[in-house]
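Residue numbers (my numbering), protein chains in the order written: chain A, 7 to 446; chain B, 7 to 446.
Notes follow once the structure below has been shown.
There are 2 protein chains.
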Amino acid sequence: MQKKKHIHTSDKINQNHQIPQSRGDATPSIGSASIEDAVKLIRSIAPDTKIETRYIDESDGYTLGAPVVSKYDIPGFDRSTKDGFAVCAADTQDASPHSPVRLTFSGSIQNGFSPSHTLSRGTCMTIATGGALPNCSDAVVMHEHAHLNGSCVEISCPVSPGDNIIRRDEDAQAGKILFPEGRILRPQDIGVLAGFGICTVQVRAMPIIGILSTGPELVPADGRPSRGEVRETNSYLISALCRKLGAVPNRYGIAWEGSTDLSNMLCTAVSECDAIIISGGSAHDERDRTAEVISKHGAILLSGLSISPRKKMVIGEIQGKPIIGLPGHPASVYLLLLLVVSNLIQVMKGSVTHGLLKEFGIAGIDIKAHPDREYHIPVRINENQIIPLSRKAGLISLLTHCDGIIHIPQGSKGVKKGEILEVMDLTRIRSPNHSPVHEK
Amino acid sequence: MQKKKHIHTSDKINQNHQIPQSRGDATPSIGSASIEDAVKLIRSIAPDTKIETRYIDESDGYTLGAPVVSKYDIPGFDRSTKDGFAVCAADTQDASPHSPVRLTFSGSIQNGFSPSHTLSRGTCMTIATGGALPNCSDAVVMHEHAHLNGSCVEISCPVSPGDNIIRRDEDAQAGKILFPEGRILRPQDIGVLAGFGICTVQVRAMPIIGILSTGPELVPADGRPSRGEVRETNSYLISALCRKLGAVPNRYGIAWEGSTDLSNMLCTAVSECDAIIISGGSAHDERDRTAEVISKHGAILLSGLSISPRKKMVIGEIQGKPIIGLPGHPASVYLLLLLVVSNLIQVMKGSVTHGLLKEFGIAGIDIKAHPDREYHIPVRINENQIIPLSRKAGLISLLTHCDGIIHIPQGSKGVKKGEILEVMDLTRIRSPNHSPVHEK
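Structure below.
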């Protein structure tokens, strides 16, 4: 299982960004890594998951861990694609509506298993769509161009060899690669595999992602917060997104009691999972605690991002397993999961896909940007009109209206109403139209 | 549980299309219903599934069976969105960089549960992002605009009431509808629900879809076909698509032995499932058998479609349960599942969504059409370039390259290369770029 890592990328980013740049006591330290840097790094450190055999009926969304090769010629026999008459094409060359060719009717081909027939020159047999052509027959004349008259069939239109048939290996040749390694299986692919007699596939196991939350202000979602406390949201958000991205979430709960608690929980998670996501408390000292604990057991590879608004993200490694520290605000967590963590899961699963797919939409209003900065903005999509959502930090309900993310690169002054934009979106399920609460 | 049926639509279609129009012995009988007619009919006969309670962590993709209402004000206290100082905004009105206002430092607010503080005029307290504002405080001054100097804090910028805070009910007010009935839950919604302390939701149960195959030429996918036989593909395709659409597939295998066999299997399936899909054999008499068996136990409501290429589809009803008869060719099955059956599952689940979402792409080549006909064409999408796939009947491998479906309405002569088109797509996972086998 050869790793396709680009270690130099990791090393370079490590050099540039390992030491967070402090901007004074009170401001969180902000690195200068871009989202692109973070994605490169995370793709370079993602470990492969093991290869497992799965029944095709339970393989939708899995990534092939080995190419799928056809064992047989498919369909395996010359097959009619029309209801009509199996003929030797050469016998029909002089046929026309005014001067039909007459062939001797020599019986019917049954669909399904039937004894092997051989067609003599000057004869024909009825055949249904899907039927196996008799030997020495090389084409089918459609019913519309043939008329059975006693023991004789009148053909009013010539056919060429191969007309209205599928050749015995036209769907697939034995030994041909049907699907390459790295292909994500879709429902239609599973149908194809069944049709080709391939009922099990070698796929990458789903990566197991450990999920931890930190913050003294957190209570469980079904708890009752006192003044100053809030419900823990991120582990639910991260779990559901991991499942959507084809990973298995494994929750470890909330680390309340500072570094020792977090440290112990992290060690357990590292021993049981393929990668770990820690979502941090909202306060400054809480964010630093995550980095401190990762450093204690492994190494910090990236700290801080240069995007707007500032996102505190930590990428580290413990025992070869990626550790991602995310901020506390659910909207930031959502954004970084889609932009960065989605890549981790893709690489671990061996997928050739890079990031999430984009679709087009039209800017519903002017979207201003400062040319010095790069923006990733959560948006609503309403009949292809893109409306940016207000980004008041800490509002959970922002996510209710979030349908995707747009990117405004550094150097741009923004986008005018009516311009075509690319939107990154995970679910393609739109929030309802009548929820303008957070529009600006 | 009030049904929102439009029975008149069903009745109308029933009247118009109940009797298939025969075009002679050899040609399959073709009705004149459009895809739109079929969708209207199927939406009108779809029964609701029951409502069940689910833990939010297992509710992704489910449709709400009742509105979700906030039980509390969220966050429940005025909350800081910045690291800084909690103040009375009025105390800062005269502040400027050259003439800072001096406030008495009166301690720190800890994040998480802490005793209730009250701020006196002329004083301030340090507060972190997420902290609960003390009583009588109505704004936060960011650290950047404040300097702690012994027992005194110098404020260099005025704030207004509400600056840098979230009000106690700004995220949600107790009693407010957070999500309406019919909303499909997404990962981000599950995060929001957790944050609002809602850990269970009322959702529509997944519909159970019975799946039957007919055809004397079929062998199971893991069987070994003899000459003239092919592997049963459609039940795998339909199962995987049902799961993707949020339904539970229930397979009943292959009806080999003609009408009696099919009739018995169909009765069992009707007693156990919410709707049934029968994929027919490829031959003419086989297709008629499905309609005959449905008629025996219930009623045929629609038979045949006017789209190109001709698709033989039967819609019926037995004991109030929809029965869909599909053709045998997997590519036709795929197309009709996406165009028509997806609507059945959506309505059964109570979703407000209508059909599959569309995205934009650019025609990669000229696509010709006959103005007399309506087309639904399977396509590949390669970096937003849309390439129609060849449609040779019976080739299973067509599906390997199929990324979506385009619609060319009646009256159109087709689409020119470079024109923008809408594509309907279920998975948004693209087939690999290097598989030009079926391009034309």
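Where is the CB? At the ideal position from N, CA and C, for every residue including glycine.
Is residue i helix, strand or coil when you go by DSSP?
| i | result |
| --- | --- |
| B:A32 | Only weak support exists for where B:A32 lies, its pLDDT of 30 falling under 50; the value from the coordinates is given anyway. The answer is coil: DSSP assigns B:A32 none of H, G, I, E or B. |
| A:R49 | helix |
| B:I300 | helix |
| B:G370 | coil |
| B:T135 | coil |
| A:S277 | helix |
| A:N270 | helix |
| A:I426 | strand |
| A:H382 | strand |
| A:E176 | coil |
| B:Q391 | strand |
| A:I402 | helix |
| B:G90 | strand |
| A:R295 | helix |
| B:T59 | strand |
| A:Q42 | Rather than Gln, the amino acid found at residue 42 of chain A in this sequence is Glu. Helix, per DSSP. |
| A:E160 | strand |
By the 10 Å Cβ neighbour count, where 16 or more other Cβ atoms means buried, how is residue i classified, buried or exposed?
| i | result |
| --- | --- |
| A:E235 | buried |
| A:R230 | exposed |
| A:G356 | buried |
| B:K419 | exposed |
| B:C142 | exposed |
| A:I41 | buried |
| B:C130 | buried |
| B:C94 | buried |
| B:N155 | exposed |
| A:G322 | buried |
| A:G128 | exposed |
| A:I183 | exposed |
| A:Q325 | exposed |
| B:S86 | buried |
| B:R249 | buried |
| A:H123 | buried |
| B:H440 | Confidence is the limiting factor: at B:H440 the pLDDT is only 37, short of 50, which leaves the residue's position unreliable, though a coordinate-based value still follows. By the 10 Å Cβ count, B:H440 comes out exposed. |
| B:K121 | Reading the sequence as shown, one finds Pro at residue 121 of chain B and not Lys. Exposed, because fewer than 16 other Cβ atoms sit within 10 Å of the Cβ of B:P121. |
| B:M100 | Per the sequence presented here, residue 100 of chain B reads as Asp, with Met not at that position. By the neighbour-count rule (16 or more Cβ atoms within 10 Å), B:D100 is not buried but exposed. |
Could you tell me the alpha carbon to alpha carbon distance between residue i and residue j, rounded to whole angstroms?
| i | j | result |
| --- | --- | --- |
| A:D431 | B:H104 | 47 Å |
| B:I414 | A:D66 | 30 Å |
| B:S35 | B:I392 | Unreliable positioning characterises B:S35 in this predicted model, as indicated by a pLDDT of 36, which lies under 50. The coordinate reading is nonetheless provided below. Taking the straight line joining both Cα atoms gives about 33 Å. |
| B:A32 | A:L191 | Low confidence applies here, because B:A32 scores a pLDDT of 30, under 50, leaving its location unreliable; read the following figure in that light. B:A32 and A:L191: Cα-Cα distance of roughly 39 Å. |
| A:I48 | A:T359 | 14 Å |
| B:G71 | B:F185 | 11 Å |
| B:Y381 | B:A39 | 13 Å |
| B:I426 | B:E389 | 13 Å |
| B:G400 | A:P333 | 53 Å |
| A:P226 | A:Y258 | 12 Å |
| B:V320 | B:G221 | 16 Å |
| B:L199 | B:L363 | 25 Å |
| B:S5 | A:I373 | Residue 5 of chain B lies beyond the stretch modelled for chain B, which goes from 7 to 446, so this question has no answer here. |
| B:H376 | A:S348 | 44 Å |
| B:N270 | B:I371 | 49 Å |
| A:V429 | A:C408 | 11 Å |
| B:A134 | B:G90 | 6 Å |
| A:L268 | A:D43 | 27 Å |
| B:S28 | B:D294 | With a pLDDT of 32 at B:S28, under the threshold of 50, the modelled position of that residue is not reliable, and the figure given next carries that caveat. Looking at the two C-alpha atoms, the distance is approximately 12 Å. |
| A:P384 | B:P394 | 33 Å |
Am I right that residue i and residue j are in contact with their C-beta atoms under 8 Å? What's the rounded C-beta distance?
| i | j | result |
| --- | --- | --- |
| A:E238 | B:N117 | A:E238 to B:N117, Cβ: 14 Å. No contact. |
| B:I161 | B:T98 | 5 Å |
| B:I284 | B:G331 | 5 Å |
| B:K77 | B:A180 | 6 Å |
| B:I204 | B:I80 | At roughly 10 Å, the Cβ-Cβ gap does not stay under 8 Å, so B:I204 and B:I80 are not in contact. |
| A:C163 | A:V147 | 7 Å |
| B:D280 | B:K318 | Contact doesn't hold; Cβ gap of about 24 Å is too wide. |
| B:A145 | B:I115 | So it is not a contact: roughly 14 Å between Cβ atoms. |
- Message: Quick check for students: name the residue ranges of the alpha helix (DSSP H) that lie wholly in the region 305-348 of chain A, counting only runs of 4 or more.
- Response: Every alpha helix (DSSP H) stretch that sits fully inside the region 305-348 of chain A and reaches 4 residues is listed by chain position as 336-342.
- Task: Could you pull out every unbroken alpha helix (DSSP H) segment of at least 4 residues lying fully inside the region 180-258 of chain B, listed in chain order?
- Result: Entirely contained in the region 180-258 of chain B, the alpha helix (DSSP H) runs reaching 4 residues are, in chain order, 193-201 and 240-250.
- Query: What residue ranges within the region 62-119 of chain B form continuous alpha helix (DSSP H) runs of no fewer than 4 residues, ordered along the chain?
  - Reply: You should have found no qualifying run.
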